[in-house]
Amino acid sequence: MALVTKAIKGTKDVLPKDVHKNQYIEATALDIAEKFGYKELRTPVFEHTELFQRGVGDTTDVVQKEMYTFDDKGGRSITLRPEGTAGAVRSYLENGLCNETLPQKICYITSCYRYEKPQAGRLREFHQFGVECFGTKSPLADAEIIALAKSLFDTLEIKDLSLEINSIGCPTCRAEYHKALKEYFESRREDLCPTCQERLDRNPMRILDCKSPVCSEIAKGAPVVIDYLCDECKDHFDKVQKYLDVQNIEYTINPKIVRGLDYYTKTVFEFVSNSIGAQGTVCGGGRYDGLVKELGGQDTPSLGFGMGLERLMLLMEAQNCPFPQENAPDLFIVALGDKATLKSIEICKDMRAEGFAALMDLNQRSVRAQMKYADKLNAKFNMVIGDDEVESGTAKLKNMTTGEETEIALETFVSGFYNISLAEQLADLEINGEEFDFGSLFGVGE
Ligand code: ATP
Ligand code: MG
Numbered sequence: 074m075a076l077v078t079k080a081i082k083g084t085k086d087v088l089p090k091d092v093h094k095n096q097y098i099e100a101t102a103l104d105i106a107e108k109f110g111y112k113e114l115r116t117p118v119f120e121h122t123e124l125f126q127r128g129v130g131d132t133t134d135v136v137q138k139e140m141y142t143f144d145d146k147g148g149r150s151i152t153l154r155p156e157g158t159a160g161a162v163r164s165y166l167e168n169g170l171c172n173e174t175l176p177q178k179i180c181y182i183t184s185c186y187r188y189e190k191p192q193a194g195r196l197r198e199f200h201q202f203g204v205e206c207f208g209t210k211s212p213l214a215d216a217e218i219i220a221l222a223k224s225l226f227d228t229l230e231i232k233d234l235s236l237e238i239n240s241i242g243c244p245t246c247r248a249e250y251h252k253a254l255k256e257y258f259e260s261r262r263e264d265l266c267p268t269c270q271e272r273l274d275r276n277p278m279r280i281l282d283c284k285s286p287v288c289s290e291i292a293k294g295a296p297v298v299i300d301y302l303c304d305e306c307k308d309h310f311d312k313v314q315k316y317l318d319v320q321n322i323e324y325t326i327n328p329k330i331v332r333g334l335d336y337y338t339k340t341v342f343e344f345v346s347n348s349i350g351a352q353g354t355v356c357g358g359g360r361y362d363g364l365v366k367e368l369g370g371q372d373t374p375s376l377g378f379g380m381g382l383e384r385l386m387l388l389m390e391a392q393n394c395p396f397p398q399e400n401a402p403d404l405f406i407v408a409l410g411d412k413a414t415l416k417s418i419e420i421c422k423d424m425r426a427e428g429f430a431a432l433m434d435l436n437q438r439s440v441r442a443q444m445k446y447a448d449k450l451n452a453k454f455n456m457v458i459g460d461d462e463v464e465s466g467t468a469k470l471k472n473m474t475t476g477e478e479t480e481i482a483l484e485t486f487v488s489g490f491y492n493i494s495l496a497e498q499l500a501d502l503e504i505n506g507e508e509f510d511f512g513s514l515f516g517v518g519e
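Under the working numbering, the first residue of the sequence shown is numbered 74, with each subsequent residue one higher.
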């Protein structure tokens, strides 16, 4: 019974009073992505399960433990996307973006679904801002996507985020490394969790990413991949660092970062905060040179990142980062009687056509109740019209901040409103430190 009034565990509503904050973050993210040449791609919330098994990798926690997978009524195995990259690659191949000029740069804001233990910064439905750059092996691209993420953090005025980078090499250097890892973990096989015992045979690097305390303790002494890089991977990593240096982007090299997803190669990185508790990784990304081919395309070196928007919000709130004010209605009309109601409908329509937010009471309550309602809505201006005002063709427009009232003609209401509100906004401005009476330009104010 009570189930119908309870959201599913690990999901969250964004309420109307808060949504402007999300809209601000999302608009800023898309705006910055555009400055770097990234265009938005929208893909479905579900895909064939196999896409994620192959694209995320079937030795990862995401695929082994966290996916929302079900059979639909046609008997197909469907999975709600746990991340954005696999669907983006699928769409890139299916829609022939791979035949356009490379690199193809795409970005997205999407919901993701993972069956995890909900806690601060860890939800079952969460949202990511992600970017993917298909078709470049240049380290310029690695430095550029890191700069994109950094630029978003800077624009949102987030402080104290540390950028950690690493290189996990290519299949060539990784073969050597896997051997060394296997040797190391083999001696502790019995102590590893069952999943990691299996990983030891299939993909020992995954053990480094295991969240179990025992496994992560054992992993502390494991050999690090950066010591096994081939010349090409070493050179690539050096260049990425050089291109970050020239932009004054600070970073530390953390040889322990291997990232949770199977398809990463060469550069991997994370932006980490210690302002929001244990779930401090706000953004993770890197190169995945093998993925597009793995999913049936040509050999296409590519890279990207995913940024957790709920964690970003937590961080901004913890740091008291500035958010824009919620938009308030420009005008609320208190209408009394049928004639005034008709006139109000007209004025609201004309106001909205000119880009103003204009409201009236749909419940046609008493003057007092309407006034109270206007106050709650935080309208900038208020106007009462009844039979008398309709008759005389004029009413009083009240500025709800200053309490000032100005006579306004109903016939030419919108242009009158425009002049009054603009004059009052300009009156607050100063020019060269001097107040200037802009109001006089419009023949309003004192
Ligand atoms: P974690 O180590 O915290 O589990 P991850 O390696 O699984 O993270 P990615 O798959 O790289 O995370 O996803 C990119 C980003 O998405 C993360 O850095 C994080 O900000 C966010 N994220 C991942 N899982 C969740 C979740 N369950 N709830 C909220 N945000 C998440
Ligand atoms: Mg995870």
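All C-beta atoms in this analysis are idealised placements derived from N, C-alpha and C, irrespective of residue type, glycine included.
(request) Please report how far the alpha carbon of Tyr-165 lies from the alpha carbon of Cys-171, in whole angstroms. (result) As a first step, residue 165 is located in the sequence shown; it is residue number 92 there, counting from the start. As a first step, residue 171 is located in the sequence shown; it is residue number 98 there, counting from the start. Between Tyr-165 and Cys-171, the C-alpha separation is close to 6 Å.
(request) Determine the closest residue to Glu-584 out of Gln-371, Val-355, Glu-205, with distance taken between C-alpha atoms. (result) Look at the range of the chain in this structure, 74 to 519, and you will see that residue 584 is not part of it.
(request) State whether the stretch 130-147 contacts the stretch 263-283, with contact taken as three or more CB pairs (one from each stretch) at a distance under 8 Å. (result) A contact exists between the stretch 130-147 and the stretch 263-283.
(request) Measure the alpha-carbon distance for Tyr-361 versus Gln-96 and round it to whole angstroms. (result) Along the sequence shown, read from residue 1 onward, the residue named residue 361 stands at position 288. Along the sequence shown, read from residue 1 onward, the residue named residue 96 stands at position 23. Spanning the two alpha carbons is a distance of roughly 30 Å.
(request) Assign Phe-207 to one of three DSSP states: helix, strand, or coil. (result) For the purposes of this step, residue 207 is taken as residue 134 along the sequence shown, with counting starting at 1. Three-state result, Phe-207: strand.
(request) Look at the Cβ atom of Thr-325, then the Cβ atom of Ser-235, and state whether they are nearer than 9 Å. (result) The residue you call residue 325 lines up with position 252 of the sequence shown. The residue you call residue 235 lines up with position 162 of the sequence shown. In contact: Thr-325 and Ser-235 (Cβ atoms closer than 9 Å).
(message) Any heavy atom of ligand 4 closer than 8 Å to the beta-carbon of Glu-343?
(response) Among the ligands in the structure shown, ligand 4 does not appear; only ligand 1 and ligand 2 can be found there.
(request) Return the chain-ordered list of same chain residues with a C-beta closer than 7 Å to the C-beta of Asp-372, the five sequence neighbours on each side being excluded. (result) As a first step, residue 372 is located in the sequence shown; it is residue number 299 there, counting from the start. So the qualifying residues of the chain are Lys-366.
(message) Tell me the rounded alpha-carbon separation between Thr-84 and Ser-260.
(response) Locating residue 84 in the sequence shown gives position 11, where the first residue counts as 1. Locating residue 260 in the sequence shown gives position 187, where the first residue counts as 1. One C-alpha to the other measures close to 41 Å.
(request) Please classify Gly-518: does DSSP put it in a helix, a strand, or coil? (result) As a working note, residue 518 is residue 445 in the sequence shown. Legend: pLDDT at Gly-518 = 48, less than 50; position of this residue unreliable, no value from coordinates given.
(message) Distance check for Ala-452 and Asp-308, CA to CA, integer angstroms please.
(response) By one-based count along the sequence shown, residue 308 stands at place 235. By one-based count along the sequence shown, residue 452 stands at place 379. Cα to Cα, Asp-308 sits roughly 60 Å from Ala-452.
(request) Can you say whether Gly-169 is buried or exposed, counting buried as having 16 or more other CB atoms within 10 angstroms of its CB? (result) Here residue 169 corresponds to residue number 96 of the sequence shown, with the count starting at 1. Residue burial is scored here from C-beta neighbours: Gly-169 has fewer than 16 other C-beta atoms within 10 angstroms and is therefore classed as exposed.
(request) Measure how close the beta-carbons of Thr-78 and Thr-228 come, nearest whole angstrom, since I'm counting them as under 8 Å. (result) Residue mapping note: residue 78 aligns to position 5 of the sequence shown, counting from 1. Residue mapping note: residue 228 aligns to position 155 of the sequence shown, counting from 1. Rounded to the nearest angstrom, the Cβ distance from Thr-78 to Thr-228 is 39 Å, too far for a contact under 8 Å.
(request) Label Asp-311 either buried or exposed according to how many other C-beta atoms from any shown protein chain fall within 10 Å of its C-beta, with 16 as the threshold for buried. (result) To locate residue 311, count along the sequence shown from 1; it is residue 238. Asp-311 should be labelled exposed.
(request) Counting only the same chain and skipping the five closest in sequence on each side, list residues whose C-beta sits under 7 Å from that of Cys-394. (result) The residue labelled residue 394 in the question sits at position 321 within the sequence shown. A distance below 7 Å between beta-carbons, with the five flanking residues on each side excluded, links Cys-394 to the following residues of its chain, in chain order: Leu-229, Glu-230, Ile-231.
(request) Look up Tyr-54 in the DSSP assignment and say whether it is helix, strand or coil. (result) Here the chain covers residues 74 to 519 and nothing more, so residue 54 does not appear.
(request) Report all residues from its chain with a CB closer than 6 Å to the CB of Cys-356; omit the five preceding and five following residues, and keep chain order. (result) Position 283 of the sequence shown, counted from the start, is the residue given in the question as residue 356. The residues are Ala-222, Phe-344, Phe-378, Met-380.
(message) Please report the distance separating the alpha-carbon of Ile-98 from that of Arg-163.
(response) What you label residue 98 is simply residue 25 of the sequence shown in a count that begins at 1. What you label residue 163 is simply residue 90 of the sequence shown in a count that begins at 1. Rounded to the nearest angstrom, the two C-alpha atoms are 27 Å apart.
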